[in-house]
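When you number the sequence shown by our numbering, it's gap-free, plus one each residue, and the end is 188.
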Amino acid sequence: MTELKPKMRRWRVLGGISIALAAVGATVFLGIGQWLVVQDPLVHADVIVVLSGRLPERALEAARLYHAGYAENVWVSQPISPAEALKAMKIFYLGEDFYNAKVLLAKGVPPDSIHVMERPSANTEEEVRQISETLRQS
């Protein structure tokens, strides 16, 4: 029985160390994201862009930024539309860009300050490319 006590003590110590390392590892893992986040202060911009997705939150934030004076124009990107597929099922769909523009109008952004991007984009990378091209042309 005396031989079991040192073995038991060794397992308890190893178990305690394992639990402590797991707790430290979890804390570091969960907290590391805070080190990766950088928040730059907002400054005046050429345009405010409403990327597709999260309707109406992005348009609401764009309207707030517009009224705060961060830009004179708001561009609305348009995603690839399911309108044709829905039309075949006799479901009328105007598009996310239409509703984002309506949110901006409802929040007091003047119509002449709202510009819907010409080409639909399949993803954020395409949206950024199109915005960059349009800014270079203007």
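Backbone N, C-alpha and C define an ideal beta-carbon position, used for all residues, glycine too.
Item to check | Inter-residue spacing [alpha-carbon to alpha-carbon] between LEU115 and VAL100 | outcome: Looking at the two C-alpha atoms, the distance is approximately 11 Å.
Item to check | Straight-line gap, GLU134 to ARG104 (C-alpha atoms, nearest Å) | outcome: C-alpha separation (whole angstroms): 22 Å.
Next on the checklist: Just verifying my parser: in three-state terms, what is the DSSP assignment at VAL63?
Outcome noted: DSSP places VAL63 in helix when its eight states are reduced to three.
Checklist entry - Do you know offhand how far PRO160's Cα is from THR174's? => result Between the alpha carbons of PRO160 and THR174 lies a gap of roughly 26 Å.
Next on the checklist: Starting from HIS165, trace the beta strand (DSSP E) in both directions and tell me its first and last residue.
Outcome noted: Counting along the chain, the beta strand (DSSP E) containing HIS165 begins and ends at 164 to 171.
Item to check | contact_flag[the region 114 to 132, the region 149 to 160] where n(CB pairs < 8 Å) is 3 or more | outcome: A contact between stretches requires three or more CB pairs, one per stretch, nearer than 8 Å, and the region 114 to 132 meets this requirement with the region 149 to 160.
Next on the checklist: If you measure between the beta carbons of ALA121 and ASP96, is that distance less than 8 Å?
Outcome noted: Cβ atoms of ALA121 and ASP96: closer than 8 Å.
Item to check | ILE130, DSSP secondary structure in three states | outcome: In the three-state scheme derived from DSSP, where H, G and I count as helix and E and B as strand, ILE130 is classed as coil.
Item to check | C-alpha distance - PRO106 paired with LEU71, whole-angstrom precision | outcome: Roughly 44 Å between the two C-alpha positions.
Next on the checklist: So the candidates are ILE82, HIS117, VAL74 and GLN180; which of them puts its Cα closest to the Cα of SER163?
Outcome noted: Considering only alpha carbons, the answer is HIS117.
Next on the checklist: Give me the DSSP bridge partner(s) of ILE30.
Outcome noted: Any question about residue 30 goes unanswered here, given that the chain covers just 51 to 188.
Next on the checklist: Within 10 Å of its beta-carbon, does GLN84 have 16 or more other beta-carbons around it, so buried, or fewer, so exposed?
Outcome noted: Result: exposed.
Next on the checklist: Let me check understanding here. Comparing Cα to Cα, which of LEU136, SER182, GLY158 and ALA156 lies closest to MET167?
Outcome noted: Nearest C-alpha to MET167: SER182.
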